[in-house]
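Colleague: Quick one: the structure is below, questions incoming.
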Amino acid sequence: MLESLYACTNFLEDAGELVRVQEKLSPRYEVAAALRYLERQSGKAVLLERVEGYEDVVVLGNLLSNRRRLALLLDVPEDNVVDAYLARTATPVAPKIIEGDLLAAGLRETKPDVFVMPVLTHHAADASPYLTSAVTIARDPETGARGMGIHRVQVKERDRLGIFLGSPPLSDFLAKAEARSQDLEVAIVVGMHPLTWLAAVAYAPEGVDKFGLAGALRGEPVELVRCATVDLEVPVEAEYVIEGRVRAGVREKEGPFGESNGVYLTYDNPVIQVQRISCRPHAIYHALVPFNHEENILIGLTWEAQNLRGLQQRFPFVRRMHLEEDDWTRAVIQVDREQATVPLLEFASQVLQELYFVKTLVLVDTDIDIYDSQEVSFALATRFQPDRDMVVLRDQPALALDPSTTATPEGFRTAKVAMDATVPPGERERYKKISIPADVARRVREKLATV
Ligand SMILES: Cc1cc2nc3c(=O)[nH]c(=O)nc-3n(C[C@H](O)[C@H](O)[C@H](O)COP(=O)(O)O)c2cc1C
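The sequence shown begins at 0 in numbering that gives the first Met the number 0 and counts up by one.
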């Protein structure tokens, strides 16, 4: 079993899925530039071994920026990732709290200075360094239930952070704490097992502990250890743990910060007072570069898993669905057109209204690989006519992240578009996609595997 992030990096390296970089790079822009470049180049995970100003730390990035690695970590073929996710998370495996303190788990206390880690500055106009892979954990002040998610964290001072708590459950926890004039205790973890990290941003129905989902994905209970100054537990393999409190009633400017959709966003956001930091010797700092494909894979897998079965129950001709790596507002749905029980554009309009953050929807046939954007582009280029195969919906609810939306008293509004890029009935031969014989392609792939 892969018990630590360190063990995972070795596992990925042995599988040919990790590259090491010896070039010395600065945490200010250079590491982010390297991770952006390498994601587009090889798509492998990257271990940056020399970071300017940090002797004893390595930076790990692009960890899940490819579905291949999700499949490897789940130990299933790439095609079965969504099915495996659904099958395993149906039965959560409760976490186990181990006896002993953070020190016993190998985490020693350092000074309460966030710059013990090489926090990256990513984009040109970012206000300051930001923690972007960090998972923030807190408790519901009323029920004591645990909640967590990735939330962008701005380093304002060595021991003062800004945090964007825009989504539940943590936004609700803070509202409840503030209604009682209480601070909200948080533990911020940087570096953990990749499947625990994935589960931390999964959609979790109310009352389901995401560490339980992580245990189900990993096939064994996640081990947790108690924090020293807050009433919270963190994964025993954490690389860094920041303990602190979100100050009740305090809001300050947070940003600008280059977001996952590629624009800078600034908010008035809560502030965290840091009270303790622990770290592992020879720690791995886990980097996540906003606007890289990795973010869309993190969001996309659980989104697909969350929506696919529901859609298939009502529309049995739906085969697969996918959020595109280049743009998480664009979804592709693969349908078996012959089996369709409703006109496809009618189906697409209904789906667009249900899938909240999807702005563009493309329908493709079963011969199109929905995970390959070149194939989706092929379908649009050769099977789609805008005056026949498109529907535009106006005045739909939208995410505030998109600057092209319209702000109204009821919230942000957007138009949406669906495109039917399936072959018209009875026309299959004329639209046939060219292909290299499958057995030859497979044989040559095997021969070239080591190139
Ligand atoms: C890469 C990434 C970055 C995120 N950043 C933020 C953020 O800055 N603020 C926020 O409120 N939610 C952010 N989220 C979303 C929350 O992590 C997400 O809503 C939460 O984990 C969903 O969990 P839930 O089902 O428990 O609501 C981010 C998600 C991802 C994948």
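Ideal Cβ placement from N, Cα and C applies to all residues, glycine included.
If you draw a straight line from the alpha carbon of R145 to that of A380, how long is it in whole angstroms?
Modeller: Distance between the alpha carbons of R145 and A380 is about 48 angstroms.
Colleague: May I ask you to report which of helix, strand or coil DSSP gives F163?
Modeller: Here F163 sits in coil by DSSP.
Colleague: According to the Cβ coordinates, are V229 and A186 closer than 9 angstroms?
Modeller: For V229 and A186, yes; Cβs fall inside 9 angstroms.
Colleague: Taking only runs that begin and end inside the region 323-407, name each unbroken alpha helix (DSSP H) of 4 or more residues, in chain order.
Modeller: For the region 323-407, whole alpha helix (DSSP H) runs of length 4 or above, ordered along the chain, are 343-353, 372-382.
Colleague: How many angstroms separate the CA atom of C226 from the CA atom of A282?
Modeller: The alpha-carbon atoms of C226 and A282 are separated by roughly 18 angstroms.
Colleague: On the criterion of 16 or more Cβ atoms from any shown chain inside 10 Å, does N9 qualify as buried, or is it exposed?
Modeller: It counts as exposed.
Colleague: Can you tell which of Q352, Q349, T340, N295 has the C-alpha that lies nearest to the C-alpha of E324?
Modeller: Here the closest residue by C-alpha is N295.
Colleague: Please classify I435: does DSSP put it in a helix, a strand, or coil?
Modeller: Coil at I435, not helix or strand.
Colleague: Once you ignore the five residues that flank F377 on each side, which residues in its own chain have a CB closer than 8 angstroms to its CB?
Modeller: Same-chain partners within the cutoff: I367, K432.
Colleague: So, helix, strand or coil for Y430, using DSSP?
Modeller: Note: Y430 maps to coil in three-state DSSP.
Colleague: In whole angstroms, what is the alpha-carbon distance linking D139 and R441?
Modeller: Taking the straight line joining both Cα atoms gives about 52 angstroms.
Colleague: Would you report the Cα separation of L37 and H121, rounded to the nearest angstrom?
Modeller: Their backbone Cα atoms lie some 15 angstroms apart in a straight line.
Colleague: Would you please state the rounded distance, in angstroms, between the beta carbons of Y129 and F256? I believe it to be under 8 angstroms.
Modeller: Indeed, because the Cβ distance is near 6 angstroms, the residues count as touching under 8 angstroms.
Colleague: Expressed to the nearest angstrom, what Euclidean distance is found between the alpha-carbon atoms of A178 and L264?
Modeller: One C-alpha to the other measures close to 27 angstroms.
Colleague: Could you pull the DSSP bridge partners for G309 from this structure?
Modeller: DSSP output for G309 lists no bridge partner at all.
Colleague: How far does the beta strand (DSSP E) with S277 in it reach, from first residue to last?
Modeller: Unbroken beta strand (DSSP E) run through S277: 270-278.
Colleague: What residue does the alpha helix (DSSP H) around T142 start on, and which one ends it?
Modeller: That residue, T142, is in no alpha helix (DSSP H); it is neither H nor E in DSSP.
Colleague: I'd like the list of long-range same chain contacts for S403, defined as Cβ closer than 8 angstroms, with 5 residues on each side in sequence excluded.
Modeller: Around S403: T413.
Colleague: Could you tell me which residues DSSP pairs with Y284 in its beta bridges?
Modeller: DSSP, once it has assigned bridges, lists V58 as partnering Y284.
Colleague: Of all the options G261, D371, D171, which has the alpha carbon lying nearest to the alpha carbon of D78?
Modeller: Answer by Cα proximity: D371.
Colleague: Please list the segments of the beta strand (DSSP E) lying wholly inside the region 169-215, counting only runs of 3 or more residues, in order along the chain.
Modeller: Qualifying beta strand (DSSP E) stretches, in chain order: 183-189.
Colleague: Classify Q40 as helix, strand or coil using the three-state DSSP reduction.
Modeller: Three-state DSSP puts Q40 in a helix.
Colleague: Just to check my reading of the structure: E293 and S41 have Cβ atoms closer than 8 angstroms, yes? What is that Cβ distance to the nearest angstrom?
Modeller: So it is not a contact: roughly 14 angstroms between Cβ atoms.
Colleague: Please confirm whether L62 and A44 have their CB atoms less than 9 angstroms apart.
Modeller: Yes.
Colleague: Near R382, what residues of its chain come up, given a Cβ to Cβ distance below 7 angstroms and the 5 sequence neighbours on each side ignored?
Modeller: Answer for R382: A420, T421, V422, Y430, listed in chain order.
Colleague: What did DSSP end up calling G299 once you bin it into helix, strand or coil?
Modeller: Reduced to three states, the DSSP call for G299 is helix.
Colleague: For V118, which of helix, strand or coil comes out of DSSP?
Modeller: Coil at V118, not helix or strand.
Colleague: Looking only at DSSP bridge pairs, what is G410 linked to?
Modeller: Note: G410 sits in a beta bridge opposite T407.
Colleague: Pick helix, strand or coil for E108, following the three-state DSSP scheme.
Modeller: E108 falls in the strand class under three-state DSSP.
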